[in-house]
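K.L.:
Residue numbers for the sequence shown follow my numbering, beginning at 20 and rising by one. For every residue, glycine included, the Cβ atom is placed at its ideal position computed from N, Cα and C.
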Amino acid sequence: MQCMEDASDGSVVGRHGPRERLRQLGEPRLGDAECLALVLRTGTRGEPAELVAQRLLRRFGGLPGVAAASLHELAGERGIGPVRAAALVAAFGLARRLVEASLRPGTRVRNAGCVARVVRDSARGSRRESFYAMLLDTRHRVLALHVVSTGGLDGAPVHPREVFSPAIRDGAAAVVVAHNHPSGDPTPSAEDRLVTARLREAGQLVGIAVLDHLVVGDDRYYSFADEAFFSFR
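1) Quick one: residues in its chain with C-beta nearer than 7 angstroms to the C-beta of GLU69, no 5 flanking neighbours on either side, listed in chain order?
2) Quick one: complete alpha helix (DSSP H) runs, 4+ long, within the region 106–147?
3) Give me the residue from ALA94, LEU218 and GLY45 with the minimum Cα distance to LEU59.
4) Quick one: using the 10 Å Cβ neighbour count with 16 as the cut-off for buried, is ARG158 buried or exposed?
5) Exposed or buried, PRO205, counting other C-beta atoms within 10 Å across all chains shown (16 or more means buried)?
6) Assuming ILE227 and VAL177 are in contact, meaning their beta carbons sit under 8 angstroms apart, how far apart are those beta carbons, in whole angstroms?
7) What number of angstroms, rounded off, separates the C-alpha of ALA191 from the C-alpha of LEU154?
8) Do you know offhand how far ASP28's Cα is from THR61's?
9) Quick one: is ASP245 buried, meaning 16 or more other Cβ sit within 10 Å of its Cβ, or exposed?
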C-alpha cells in the first residue's frame, strides 16, 4: 500500500488511504479497521490510524468488543486518549440508536424477529445481561422500549413491577419482553422459564398481555411463544 504518513501525527494522507477507498468503493467495501480508522482520523507517530484500529480490534476481540468497551478502557489504549475514545463511543452509540429507531413509536411489530433484532444490536458485545420490555398498543404498535434491568454475566434480575409499572403508566395493551445472553447461546435457563411464568401471571392480573419472551444470542434467538406459552397475533 503506497500511502504517506503525516510525520507529526501518523495520519494516513496518501491517495490509497481509507478515506480515498471510501470515496472510490463505498462504505460496504471497507473493512472494520478501515472504518475505525476514519473515526479515529489520525494515528500516532510511526503508527497510522489504520494500524491503531487493527490493534484495537485485536485487543478487544473484534468490532463487538470495541463497541462494548467503556470510555475509560478505550482512552487507556496507546494512541487513543480521551478525545478519540469519545469519538468511538459516540459513533457506536449512534449506530445503536439507529437500530432502535427501526422500531420507533408508532411502528407496528409483526413478529418476534423484529424485536430480537433490535435487542441483539442494542446489546451487541455487552458483557452484561439486560432485560427489555417493548410496550405495544392494541394494534401492536410500539409505544416505547425500556431497559428495565441490567445485571451481570449470569443474569439480570427482574421483578414484574419493573415491567408493568411503565406499561400501566403508558397505557400499553401488550408487552414483548426480551433479554440477551452475553454467552451468545440463547438457550433459556431454568430461571428464564420461571421469570416467563411469573410475568405471564402478572400480565393476566393487570390485563396486559405478555405476547412473548425472547432470549437473544449472537446470531439467533429463542422464543417462548414458539413453545406455545403465548400467542403472537
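P.N.:
Quick look at the numbers:
1) Looking up residue 69 in the sequence shown gives position 50. Cβ neighbours of GLU69 beyond the five flanking positions: VAL31, PRO37, ALA52, GLU53 and ALA56.
2) 131–142
3) Locating residue 59 in the sequence shown gives position 40, where the first residue counts as 1. Comparing Cα-Cα distances from LEU59 to each of ALA94, LEU218 and GLY45, the minimum goes to ALA94.
4) Walking along the sequence shown from the start, residue 158 turns up at place 139. That one is exposed.
5) Reading the sequence shown from its first residue, position 186 is the one you call residue 205. With 16 or more other Cβ atoms within 10 Å, it is buried.
6) In the sequence shown, counting from the first residue as 1, residue 227 sits at position 208. In the sequence shown, counting from the first residue as 1, residue 177 sits at position 158. Contact flag wrong, Cβ pair sits at about 15 angstroms.
7) For this step, residue 191 is matched to residue 172 along the sequence shown. For this step, residue 154 is matched to residue 135 along the sequence shown. Straight-line Cα distance between these residues: approximately 6 angstroms.
8) Here residue 28 refers to the residue found at position 9 when the sequence shown is read from its first residue. Here residue 61 refers to the residue found at position 42 when the sequence shown is read from its first residue. Any reading at ASP28 needs caution, since the residue's pLDDT is 42, under 50, leaving its predicted position unreliable; the model's value is listed next. Taking the straight line joining both Cα atoms gives about 6 angstroms.
9) Here the question's residue 245 lines up with position 226 in the sequence shown. Exposed is the call here.
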